[in-house]
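Accompanying notes for the structure given below.
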Amino acid sequence: MYKKITALAALGALLAAPAMAADKVKIGFVTTITTPAGVIGQDMVDAVNLAMDDIGGKMGGLDVELIIEDDAFNPPVGKQKVDKLVKQDDVDFVAGFIWSHVLLASKKSALDAGKFLISSNAGPSQLAGDQCDKNFFSASWQNDQTPMAMGEVLNQNGVKSVYVMAPNYAAGKNMIAGVERTFKGKVVGRDLTKWGKDAQLDFSAELAKAKASGADALWVFYPGKAGGALIKQYEQAGLLGQLPLYTVFTVDSIALPKLQEGNLKGVMGSLNTQHWGPDLDNPQNKKFVEGFKKKYGRYPSFYAAQSYDTIFMIKSAVEAVNGNLDDMDGMRAAMKKADFPSTRGKFTFGNNHFPIQNFYLREVVTDADGVWTTKVVKTVLENHQDPYAGECKM
Amino acid sequence: MDWGLFTIQMLNGLQLGVLLFLLAAGLTLVFGIMDFVNLAHGSLYMMGAYFCATLTQLTDSFLLGVVLALPLTALLGWLVELIVVRALYTHDHLDHVLATFGLILCFDTAVDYIWGPTGMAIPLPDFLNGQVTLFGGLDFPVFRLVIIFSGLLVAALLYFMVAHTRLGMLIRAGASNRTMVMALGVDIGKLFALVFAVGAAFAGFAGMLIAPITEASIGMGNDIIIVAFVVIIIGGIGSIKGAFVAAMIVGLIDTMGRSFLDQLLKVFMTAQNAETSAPALSAMAIYILMAVVLAFRPQGLFPPKVR
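Here the protein sequences come in this chain order: A and B.
Counting from 1, one number per residue, gives the positions in the first sequence under this note's numbering.
Counting from 1, one number per residue, gives the positions in the second sequence under this note's numbering.
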């Protein structure tokens, strides 16, 4: 009798096995490792590894396999890597993506293969609007939103005219569109500078134009190492105190240590907007920032926070279907609830699967240990939805 | 026309030109005189920046950093010549390209191992970090003036060395007829090694000058080396004078394009299109110039007389 039951149980297990097609969760994570922008990718990879430690390398009882790919800051390379992840590795989730143009080039490969695509940073307007997709989720924001918050700050500070500078690519144009959406004053000049692998890093000509334009303020979007270079040159050009600097995605935990190293005090007190800050008061963020600082000895950036969130979002989906990775509908429904601990606190998803969340004004300050970081000053936009959600038929 | 802005942009263009000249000078010495295609010249520019960044942080002085990093970069150039380049003089250009491309990969990986991927900032002393007021009440960053002056000084020194010293005479003679110079009892191998080291020092110096503005980072030389090649092609391969003039032209065209092209384009297209196409067009301008020069003067603007 006992033998029979064991045999039956064994048979049952055998029959059940095909239903549980996968024995592990495969996540492909695409980011930039090489080129000077690799510094951003490193922050993201560090955060993902920390998240993997924090969940013990398991989701819903399944082991998690992480495959990290380098897009080399180049849309065609990014697409190739996604093709490889989808076809060769047969991953369940494609995540990552710093750059809007890389994400736009890669999205078709992932979505056509019926995989979930999760952006841990890039938020191009196309994916929020008419090209939204049921299997695409954003763990970050739509590109326009952060500069929209900054436009409000400019209004509140009584700025009447502004000179804007951004790199010449998809996100740069979204960012400028965003600030122009809310800023009520006049944009007296615009510069789009060369971007990509051989991005322009010397802004002497543009800064001279900004100064000559007679604007009240300078607004810039320069992610990664270009941000540090721009602020350095802003100070060297003597614009400090003459042309107040407002930034989005420029002054962050990647730029600040090097600015501090170079003793460029001009950045102290400068203002930027973001949906997250290392000092945001919620348990998940505390755990994340403390864990990150302990493991890597530095503050995490928002790129890191979003990447950390990405892993927990995937975990919530896998757990909702008890590890049955074939149940795409179940996982999709779970992710839509945004029912996971997020470093930004509780938020909801809009119809286009972009977060509806708060945006804060942050100021550059010195922390108790003398390290330069940012402090949340106030909430600028509350439960804010991106302006493209209406164009999404979903 | 805002003449104040125009003047500032002329100075900015001059600064970029000087920087390009420092790179192109070494490149044209090695390419034009030794007939060796050195793609890894940009790596020496990067190494100069990293040496200077490290030494500046160790000694707490940018000036000391530069003074110490210069001979170090020259030494590195000499080692590269000794270990890799020397064996390749008799090979054709394709072998040069392959070998030096390999060198680029080695240098980039080495920097990643030693200094990490993040890049390094070079803090400037206060007296270099400010601005000076020029004629007409225009403010200009002190450090960019320093770049202009030191570049011009180096150009003058180089001109003097090549045109008026025994070493310069030997370099010119060695370039036009290697065998004859050897027959006269000159160690041409030693001479070329020296030229290579000097070229490396120039490239390194350019890296040291730009790093306080943009940081030292992996691959920083790989983008600018292409522009440096454009410069020596426009100027005439092997010609120091040509490299100087072409560097100034390219520097000015690039800066002026970035400054005023969008306004020019707005005259006959929408503002949005003008703003998007201006940066692309101004990035293209120097290549268009190169094509025009090649079409009318295939030898460049100032081909060396020795040929």
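Backbone N, C-alpha and C define an ideal beta-carbon position, used for all residues, glycine too.
As the structure is a computational prediction, the values presented were derived from the model and not from experiment.
- Task: Evaluate N121 (chain A) with the Cβ neighbour count: other Cβ atoms within 10 Å of its Cβ, from every protein chain shown; 16 or more gives buried, anything less gives exposed.
- Result: Position 121 of the first sequence, counting from 1, holds the residue named residue 121 (chain A). Taking all protein chains shown into account, N121 (chain A) has 16 or more neighbouring C-beta atoms within 10 Å of its C-beta and is therefore buried.
- Message: Would you say K258 (chain A) lies against chain B (beta-carbon separation less than 8 angstroms)?
- Response: In the first sequence, counting from the first residue as 1, residue 258 (chain A) sits at position 258. Interface residue, yes.
- Query: Could you give the residue range of the beta strand (DSSP E) that holds L218 (chain A)?
  - Reply: Here residue 218 (chain A) refers to the residue found at position 218 of the first sequence. Start and end: A217 to F221.
- Message: Please classify R297 (chain B) as buried or exposed, where buried requires at least 16 neighbouring CB atoms within 10 angstroms.
- Response: To locate residue 297 (chain B), count along the second sequence from 1; it is residue 297. Under this definition R297 (chain B) is an exposed residue.
- Item | C-beta neighbour in chain A for G207 (chain B), strict 8 angstroms | Here residue 207 (chain B) refers to the residue found at position 207 of the second sequence. No, G207 (chain B) does not count as interfacial toward chain A.
- Short check: CB of S270 (chain A) to CB of L245 (chain A), under 8 angstroms? Position 270 of the first sequence, counted from the start, is the residue given in the question as residue 270 (chain A). Position 245 of the first sequence, counted from the start, is the residue given in the question as residue 245 (chain A). Result yes, Cβ atoms of S270 (chain A) and L245 (chain A) sit closer than 8 angstroms.
- Query: What's the C-alpha gap between A295 (chain B) and L289 (chain B)?
  - Reply: As a working note, residue 295 (chain B) is residue 295 in the second sequence. As a working note, residue 289 (chain B) is residue 289 in the second sequence. Approximately 10 angstroms between the Cα atoms of the pair.
- Message: Quick check: the Cα distance between D2 (chain B) and S213 (chain A), rounded to an integer number of angstroms?
- Response: Taking the first residue of the second sequence as position 1, residue 2 (chain B) is located at position 2. Taking the first residue of the first sequence as position 1, residue 213 (chain A) is located at position 213. Distance between the alpha carbons of D2 (chain B) and S213 (chain A) is about 10 angstroms.
- Message: Quick check: the region 185-196 of chain A against the region 212-230 of chain A, are at least 3 beta-carbon pairs closer than 8 angstroms?
- Response: yes
- Message: On the DSSP bridge list, what partners appear for N272 (chain A)?
- Response: Stepping through the first sequence from its first residue, residue 272 (chain A) is reached at position 272. BP columns for N272 (chain A) point to A:T247 and A:R362.
- the region 265-275 of chain B / the region 37-48 of chain B touching (three or more Cβ pairs under 8 angstroms): no
- Message: Let me check one thing: in DSSP terms, what residues is R190 (chain A) bridge-paired to?
- Response: Stepping through the first sequence from its first residue, residue 190 (chain A) is reached at position 190. Per DSSP, A:V164.
- Start and end residues, alpha helix (DSSP H) containing H96 (chain B): Along the second sequence, read from residue 1 onward, the residue named residue 96 (chain B) stands at position 96. Counting along the chain, the alpha helix (DSSP H) containing H96 (chain B) begins and ends at H93 to W115.
- Item | Check whether L251 (chain B) and L76 (chain B) have beta carbons under 8 angstroms apart | By 1-based counting over the second sequence, the position of residue 251 (chain B) is 251. By 1-based counting over the second sequence, the position of residue 76 (chain B) is 76. A small correction: the amino acid at residue 251 (chain B) is Gly; Leu does not occupy that position in the sequence shown. No; because the gap between Cβ atoms is not below 8 angstroms, this pair is not in contact.
- Query: Given that a residue counts as buried once 16 or more other Cβ atoms are within 10 Å of its Cβ, and exposed if not, what is V91 (chain A)?
  - Reply: Here residue 91 (chain A) refers to the residue found at position 91 when the first sequence is read from its first residue. With 16 or more other Cβ atoms within 10 Å, it is buried.
- Task: Could you say if the region 163-180 of chain A and the region 240-260 of chain B meet the contact criterion of at least three C-beta pairs nearer than 8 angstroms?
- Result: no
- Query: Identify the residues that DSSP records as bridge partners of K24 (chain A): which are they?
  - Reply: Residue numbering aside, residue 24 (chain A) sits at position 24 when the first sequence is read from its first letter. Answer by DSSP bridge pairing, in chain order: A:D63.
- Query: For a contact meaning CB atoms closer than 9 angstroms, what does S150 (chain B) contact in chain A?
  - Reply: Sequence index remark: in the second sequence, residue 150 (chain B) carries index 150 (1-based). In chain order: nothing, as chain A lies at least about 16 angstroms away.
- State the Cα-Cα distance for the pair G178 (chain A) and V153 (chain A), rounded to the nearest angstrom. Looking up residue 178 (chain A) in the first sequence gives position 178. Looking up residue 153 (chain A) in the first sequence gives position 153. Each residue's Cα considered, the two are about 13 angstroms apart.
- Beta-carbon neighbours of N38 (chain B), restricted to chain A and to distances below 8 angstroms: Here residue 38 (chain B) corresponds to residue number 38 of the second sequence, with the count starting at 1. Ordered by position in chain A, no residue passes the 8 angstroms Cβ test against N38 (chain B), which lies about 19 angstroms from the chain.
- Message: Let me check understanding here. Comparing Cα to Cα, which of B:P125, B:I225, B:A183 and B:L194 lies closest to D198 (chain A)?
- Response: Within the first sequence, the letter at position 198 stands for residue 198 (chain A). The shortest C-alpha separation from D198 (chain A) is found at B:I225.
- Using the beta-carbon count (16 or more within 10 Å), is R258 (chain B) buried or exposed? As a position in the second sequence, residue 258 (chain B) is number 258, starting the count at 1. When all chains shown are included, R258 (chain B) counts as buried.
- Message: Tell me which residues share the same chain as G172 (chain A) and place their Cβ nearer than 8 angstroms to its Cβ, disregarding the 5 neighbours each side in the sequence.
- Response: Walking along the first sequence from the start, residue 172 (chain A) turns up at place 172. Result list for G172 (chain A): A166, L192, W195 and F221, in chain order.
- Query: What in chain B is Cβ-close to N168 (chain A), meaning under 8 angstroms?
  - Reply: Translated into positions along the first sequence, residue 168 (chain A) becomes position 168. Per Cβ cutoff of 8 angstroms: T276, P279 and A280.
- Item | Of the listed residues A:A113, A:D43 and A:K107, nearest to M328 (chain A) (C-alpha basis) | To locate residue 328 (chain A), count along the first sequence from 1; it is residue 328. For the residues A:A113, A:D43 and A:K107, the minimum Cα distance to M328 (chain A) belongs to A:A113.
- Name the chain A residues whose beta carbon is nearer than 7 angstroms to that of S43 (chain B)? In the second sequence, residue 43 (chain B) corresponds to position 43, counting from 1. In chain order: nothing, as chain A lies at least about 15 angstroms away.
- Task: Go to N38 (chain B), then tell me how far its beta strand (DSSP E) extends in each direction, as first and last residue.
- Result: Residue 38 (chain B) sits at position 38 when you count from the first residue of the second sequence. Premise fails: N38 (chain B) is in no beta strand (DSSP E) and is neither H nor E.
- What are the start and end residues of each continuous beta strand (DSSP E) run of 3 or more residues lying completely inside the region 35-99 of chain A, in chain order? Runs of the beta strand (DSSP E) inside the region 35-99 of chain A: 62-70 and 93-96.
- Query: Any idea if V292 (chain B) is buried or exposed, counting beta-carbon neighbours within 10 angstroms, 16 or more meaning buried?
  - Reply: For the purposes of this step, residue 292 (chain B) is taken as residue 292 along the second sequence, with counting starting at 1. Counting Cβ neighbours within 10 Å, V292 (chain B) comes out exposed, since fewer than 16 surround it.
- Query: In terms of alpha-carbon separation, which member of B:T54, B:G102 and B:A200 lies closest to L29 (chain B)?
  - Reply: Locating residue 29 (chain B) in the second sequence gives position 29, counting from the first residue. Comparing Cα positions, the closest option is B:A200.
- For E65 (chain A), collect the residues of the same chain with a Cβ closer than 8 angstroms to its Cβ; drop the 5 residues on either side in sequence, then sort them by chain order. As a working mapping, residue 65 (chain A) is identified with position 65 in the first sequence. When the five nearest sequence neighbours on each side are left out, the beta carbons in the same chain lying within less than 8 angstroms of the beta carbon of E65 (chain A) are those of K24, V25, K26 and I27, in order along the chain.
- Check the C-beta distance from V248 (chain A) over to N272 (chain A) and give it rounded, since I have them as a contact under 8 angstroms. The residue labelled residue 248 (chain A) in the question sits at position 248 within the first sequence. The residue labelled residue 272 (chain A) in the question sits at position 272 within the first sequence. About 6 angstroms; that satisfies the 8 angstroms criterion.
- Query: Is the region 103-119 of chain B close to the region 35-45 of chain B, with three or more CB pairs under 8 angstroms?
  - Reply: yes
- Item | DSSP state of S307 (chain A) mapped onto helix, strand, coil | By one-based count along the first sequence, residue 307 (chain A) stands at place 307. DSSP places S307 (chain A) in helix when its eight states are reduced to three.
- Item | Inter-residue spacing [alpha-carbon to alpha-carbon] between A317 (chain A) and N155 (chain A) | For the purposes of this step, residue 317 (chain A) is taken as the residue at position 317 of the first sequence. For the purposes of this step, residue 155 (chain A) is taken as the residue at position 155 of the first sequence. In a straight line, the C-alpha of A317 (chain A) is about 40 angstroms away from that of N155 (chain A).
- Query: Relative to chain A, which residues along the region 219-237 of chain B have a C-beta separation below 9 angstroms, given in chain order?
  - Reply: G219, M220, N222, D223, I224 and I226
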